[in-house]
Every structure is written in structure tokens, then in C-alpha cells.
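Numbered by mature numbering (1 follows the signal peptide of the UniProt record, and there is no 0), the letters in the sequence shown go through residues -16 to -1, 1 to 424 in order.
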Amino acid sequence: MLPLLALLPFLALTTALPAPSASGANVAPESTGTAITSKLPLKLLASRQYSDSLVERQAWLKHQAKSLQAKYALSLDEEWKKLIGMSKRDAGSVQLEDLNYDGTYAGTVSIGTPAQDLLLVLDTGSSDLWAAGSGCSADFCKDVETFNKNASTSYQKADGTFRITYGSGSAAGDYATDVVDLAGFSLSNTTFAVVDQATSGLIDEPLSGIMGFGWTALASSKAAPWWETLASTGQWDDPEFGVHMARFRGVDSATKDEKEGGEITFGGVDSSKYSGDLNYISIDDSAKDYWRIAVEGLSVNGDDISLSSPQAAIDTGTTLIGAPSSTISSIYAQIPNSEPLDSSVVGSAGYYQFPCNTTVSVKFTFGGEEYEMDGEDMNLGSFTDDESMCTGAFFEQQMSSSSPIQWIVGAAFLKNVYTAFRYEPTAIGFASLLANGTSS
């Protein structure tokens, strides 16, 4: 999924690939850590969503849509490609930072020898790792920490160039390998991209890049992602990672930039964050691309929405919830006085709004269990001159018939559950949060 940010979703393209070792791409990374499980704090970032300026808020809204569309561009149907102007072609935890009242969730990643700390979006909807390099000429690079390849004794340039394309711009750079450390787990020879060219508006400070937690099949480099290497080589107590995304919307004491935005636990899960047992939904080996499972049911204000068990990407790097146009219209039909967002708002296609004083009840069914969204998460805020109308978190995203996914489920839902991503046996698990996921 992104700052409240659909979290900078992207489409990764490559003109050449890194030369694999004799035994395969990104093989032989060595674990230099001793942790079996570890926790990474998350940070939640601030953005233009809550600006006093209507123009700034509308720019944020447009960016969310463009980012989500670009991230999943290859899966969109032809009509939507034209709409956005695209052509065919044992455990450790990391604290998350909550950037912008439940916008972008990011964590600190260390790259190189000696380690250089960078704040990156942690994204289960993609599989590549990239960071702004010290030679980056883009405006955003002036205000963020960058990776200095010349300062790392373990840096090795790899063959090939990397290019990412977002709805709001693009970036390019070179592939390399180096030591990557997260939550005490350190892997040498990890493939990543050092970005030195980027268009303006691509990413917001203080973010320096993105770290993908999807499967190898999605990686433009064809190299196994950091997490998959650790999980597949027995370096974790349990071959899974668990995600808790804290909620600060509706909390009066919250600041726009919350350091304690949640947590990712590597090598296991943190049972202190949820109640009951995790409900694991199995994933076939043939489906190891996105982290995807079937949406078995959805109700809005007590009325069931007709579905045919569509496949959904579970995406920590996206803010919104994307679904087919017909489903979106059915969802908002259950909300009194809702309507498509005014077409005079640039980039508003696909959004709906409803009276701000309306509390919307949304319940998903996954793996035979029902999970409810907090009303705060359905309401993105006001983005028109009429401040009595607020925009909803469900957004039209029309995928092609050949796409493996039809839905994208981002932070708007994931803040309401504890989520486990299990390598073997492959599954996604959900459990109800303690204290409803709100930090205090």
C-alpha cells in the first residue's frame, strides 16, 4: 500500500539485471547477528493530508490515487491505464514510525559498513529495496539522509540499472550489494538500488526510500528480498513476521509525526499486541507474488456487499483500500448522502465522499472470521470547499481480468488487526488488537 501516503507505491522496472552468483541471485548472504527474534519500531509520518490549505490537501489526495494506480499499473485494465496515462509495457522487532496521523509507516534500516541509518517505508506490496544515494540531485534528497556508497567498505556495484515509476514521478539508479541490517538481523551481499536521479514530488522527507517485503516474484532485480532470505534459511525462530500499525487519528494528544507508530516483529509474532489466536489463511505456492488472500465477505452499515471472493493484496505500504468500480459503488450506496467526489477536484476520479458526521460501520471477512474497521479509518477528511463532506478510504481500482489480484487492502484496514506474514507454511494471519490498536 504509502504518506498517509499510500506509501509511495511504485512500479519497478529494470533495463538490466544484477549478475547472479553461481548459485543464484542474492545468494550467500551471511547472517552476522545472533538474534532469533527481534522487534523494529515503526514511525508514522506527517503529510499534506491535514494541511490547513485546501490546495495542499487536494494535492495529497491526488498523490494517493496516482501512487496506488502506479504501484499496481501492470495489473490495471486498459481503461484505467489510459485514465492515468500509462501505456502497456527465534524473533526481532522494529519500531514503526507513524508519519502523518496514520499515513506512512516507516522504520530505520541500516545499510553498509559502517552502518548508515535510513528511514524507509516498509512495504509488503513490493519486493525491491532502494535508497536515495549521496549523489542524488532530486529536491527531496537535499532534506533526507542518503546512502554514501563511498563510505561503505562492504559496498559492491552490481550489473544493471534500476528504474521506478510512480504516479507522481520516477527515479533511477544502479544496483549494488551491501550489508543490510534491520532489527538486529544483518545480511551481507543483499541486493538493493542506489537512486541518484528522481523527479520532484516522488517521495516526502524524512523518507529516504522503500524496503519491499513481498515475494521474489515481484522483485525487478530477481533477487530474494531480505526477509525471504532470512526466513528460508532458518535464521528466525519462526519463519514469519508480525505487524502492528498503531492508530493516532482521533487521539487528541497525537502529533503529526509519531515515533511510536507500531512495531514489526521478525522471527515470530508479539502476542502482547492481540487477543485470542491468530487466524491463518493459507496461500498456495503458486500465489507467492503479492501477499494475497480472498476477501470472503464485506458488510457496510449492516448490509452485505455482493462479492465473489476476490483476491486482495495485503499491503502495509498503501493507505487506501482499492476495489473494482462496481463494488465501490455498492459500498457507498449503503452510506446515506454519499456521492462521487466533485470532478472539479483534480485527481478525484475513483473517490467518494459522505457527510462527515456519519459514522460508517465496515466489516471484512477473512478466513471465516469477521473484522471491523474503526469509523476513523473510513474517513480521510475533507478535500473540497464543502467541509461538511468527507472522503472515504475505499477507492476505485479496476484491475484487468488476468490480474492475480482485484483488491488492495492497505493501512485503513490493517490498523484494526494484528497481521502475521508467514513464510512456511505460507499464510497471512489476522487477530483482533488489544485496546483497538490505539496508542496511549
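Backbone N, C-alpha and C define an ideal beta-carbon position, used for all residues, glycine too.
Whole-angstrom distance between Trp211 and Ala9, CA atom to CA atom: Within the sequence shown, the letter at position 25 stands for residue 9. Within the sequence shown, the letter at position 227 stands for residue 211. Here the model assigns Ala9 a pLDDT of 42, short of 50, so the residue's position is not dependable, and the following value carries that caveat. Ala9 and Trp211 have their C-alpha atoms some 15 Å from each other.
Residue span of the alpha helix (DSSP H) that contains Ser205, given as start and end: Numbered from its first residue, the sequence shown carries residue 205 at position 221. Run containing Ser205: none; DSSP gives neither H nor E here.
Limits of the unbroken alpha helix (DSSP H) element including Met362: Along the sequence shown, one-based indexing puts residue 362 at 378. It spans Gly359 to Met362 - the alpha helix (DSSP H) in which Met362 sits, taken as one unbroken run.
Cβ contact check for the segment 350 to 367 and the segment 262 to 276: 3 or more pairs under 8 Å: Output reads yes: the segment 262 to 276 touches the segment 350 to 367.
C-beta contact flag for Gly246 and Met229 at 8 Å: As a first step, residue 246 must be located in the sequence shown, where it is residue number 262. As a first step, residue 229 must be located in the sequence shown, where it is residue number 245. Yes, they are a contact pair.
Beta-carbon spacing of Gly226, Gly109 below 8 Å: Mapped onto the sequence shown, residue 226 falls at position 242. Mapped onto the sequence shown, residue 109 falls at position 125. Not in contact: Gly226 and Gly109 (Cβ atoms no closer than 8 Å).
Cβ shell of Ile315 (< 7 Å), same chain only, five flanking positions each side left out: What you label residue 315 is simply residue 331 of the sequence shown in a count that begins at 1. The residues are Val284, Ile289 and Phe378.
Under 8 Å between C-beta atoms of Ala415 and Glu224: By one-based count along the sequence shown, residue 415 stands at place 431. By one-based count along the sequence shown, residue 224 stands at place 240. Not in contact: Ala415 and Glu224 (Cβ atoms no closer than 8 Å).
Collapsed DSSP secondary structure at Thr311 in the structure displayed: Position 327 of the sequence shown holds residue 311. Helix.
Thr213, DSSP secondary structure in three states: Locating residue 213 in the sequence shown gives position 229, counting from the first residue. Reduced to three states, the DSSP call for Thr213 is helix.
Lys141, buried or exposed, once every other Cβ within 10 Å from all chains shown has been counted against 16: For the purposes of this step, residue 141 is taken as residue 157 along the sequence shown, with counting starting at 1. Counting other Cβ atoms within 10 Å of its Cβ, Lys141 stays below 16 and is therefore classed as exposed.
Inter-stretch contact (C-beta, 8 Å, three-pair minimum) for the segment 363 to 375 and the segment 332 to 344: In this structure the segment 363 to 375 touches the segment 332 to 344; the number of beta carbon pairs closer than 8 Å is three or more.
DSSP bridge partner residues for residue 444 (one or two, in chain order): Only positions -16 to 424 of the chain appear in this structure, which leaves residue 444 out of reach.
Euclidean distance between Cα positions of Gln100 and Val93: One-based indexing of the sequence shown puts residue 100 at position 116. One-based indexing of the sequence shown puts residue 93 at position 109. For the pair Gln100 and Val93, the Cα-to-Cα distance works out to about 8 Å.
Residues near Gln181 in its chain [Cβ-Cβ closer than 8 Å; skip 5 each side]: In the sequence shown, counting from the first residue as 1, residue 181 sits at position 197. Cys120, Ser121, Ala122, Ala155, Ala156 and Gly157, listed in sequence order.
Host alpha helix (DSSP H) of Leu304 (start-end): Start at 1 with the first residue of the sequence shown, and residue 304 comes out as number 320. Annotation: Leu304 is outside any alpha helix (DSSP H) and is labelled neither H nor E by DSSP.
Presumed contact (8 Å Cβ cut-off) between Leu104 and Met195, rounded CB distance: Reading the sequence shown from its first residue, position 120 is the one you call residue 104. Reading the sequence shown from its first residue, position 211 is the one you call residue 195. Confirmed, Cβ separation roughly 5 Å.
CB of Ser259 within 8 Å of CB of Leu418, strictly: Translated into the one-based positions of the sequence shown, residue 259 becomes position 275. Translated into the one-based positions of the sequence shown, residue 418 becomes position 434. Yes, these two residues count as a Cβ contact at 8 Å.
Residues near Glu380 in its chain [Cβ-Cβ closer than 6 Å; skip 5 each side]: Numbered from its first residue, the sequence shown carries residue 380 at position 396. Excluding sequence neighbours, Glu380 sits near Ser309, Ile312 and Gly334.
Any chain D beta carbon closer than 8 Å to Ala167: Looking at the structure shown, chain D is missing, and only one protein chain is on hand.
Where Thr174 falls, given that 16 or more other Cβ within 10 Å makes a residue buried: By one-based count along the sequence shown, residue 174 stands at place 190. Buried.
Beta-carbon contacts of Leu291 that lie in its chain and below 8 Å, excluding the five residues immediately before and after: Along the sequence shown, one-based indexing puts residue 291 at 307. Counting only Cβ-Cβ distances below 8 Å, and skipping sequence neighbours, we find Val279, Glu280, Gly281, Leu282 and Thr311.
Proximity of Val179 and Ala116 at Cβ, strictly below 8 Å: Sequence index remark: in the sequence shown, residue 179 carries index 195 (1-based). Sequence index remark: in the sequence shown, residue 116 carries index 132 (1-based). Contact flag set, yes.
Per-residue burial, Ser22 [other beta carbons within 10 Å of its own, 16 or more giving buried]: Taking the first residue of the sequence shown as 1, we reach residue 22 at position 38. Residue environment for Ser22: buried (at least 16 other C-beta atoms within 10 angstroms of its C-beta).
Per-residue DSSP class, three states only, for residue 428: This structure gives no information on residue 428, because the portion of the chain shown stretches from -16 to 424.
Three-state secondary structure (DSSP) of Thr200: Taking the sequence shown and counting its residues from 1, the one referred to as residue 200 is at position 216. Reduced to three states, the DSSP call for Thr200 is helix.
Identity of the residue in Lys27, Pro388 and Gly394 nearest Leu191 by Cα: Residue mapping note: residue 191 aligns to position 207 of the sequence shown, counting from 1. Leu191 has its Cα closest to that of Lys27, out of Lys27, Pro388 and Gly394.
DSSP state of Phe250 mapped onto helix, strand, coil: Here residue 250 refers to the residue found at position 266 when the sequence shown is read from its first residue. Strand, per DSSP.
Rounded straight-line distance, which links the Cα of Val344 to that of Glu354: Residue 354 sits at position 370 when you count from the first residue of the sequence shown. Residue 344 sits at position 360 when you count from the first residue of the sequence shown. If I take the Cα positions, the gap works out to 16 Å.
Alpha-carbon to alpha-carbon, Ala396 and Thr303: Residue mapping note: residue 303 aligns to position 319 of the sequence shown, counting from 1. Residue mapping note: residue 396 aligns to position 412 of the sequence shown, counting from 1. Thr303 and Ala396: Cα-Cα distance of roughly 6 Å.
DSSP state of Asn173 mapped onto helix, strand, coil: As a first step, residue 173 is located in the sequence shown; it is residue number 189 there, counting from the start. If DSSP states are grouped into helix, strand and coil, Asn173 belongs with the strands.
Burial state of Glu129, where buried means 16 or more other Cβ atoms lie within 10 Å: Taking the first residue of the sequence shown as position 1, residue 129 is located at position 145. Answer is buried; the Cβ neighbour count reaches 16.
Which of helix, strand or coil DSSP assigns to Leu291: Numbered from 1 along the sequence shown, position 307 holds the residue referred to as residue 291. Of the three classes helix, strand and coil, the one that applies to Leu291 here is coil, per DSSP.
4 or more residues per run - each alpha helix (DSSP H) lying fully within the segment 83 to 129: As far as the segment 83 to 129 is concerned, it has no whole alpha helix (DSSP H) run of at least 4 residues.
Top-ranked residue by Cα proximity to Cys374, from Leu171, Trp114, Trp391 and Ser322: The residue given as residue 374 occupies position 390 in the sequence shown. Residue Ser322 holds the alpha-carbon nearest to the alpha-carbon of Cys374 among Leu171, Trp114, Trp391 and Ser322.
Per-residue DSSP class, three states only, for Asp269: For this step, residue 269 is matched to residue 285 along the sequence shown. Note: Asp269 maps to helix in three-state DSSP.
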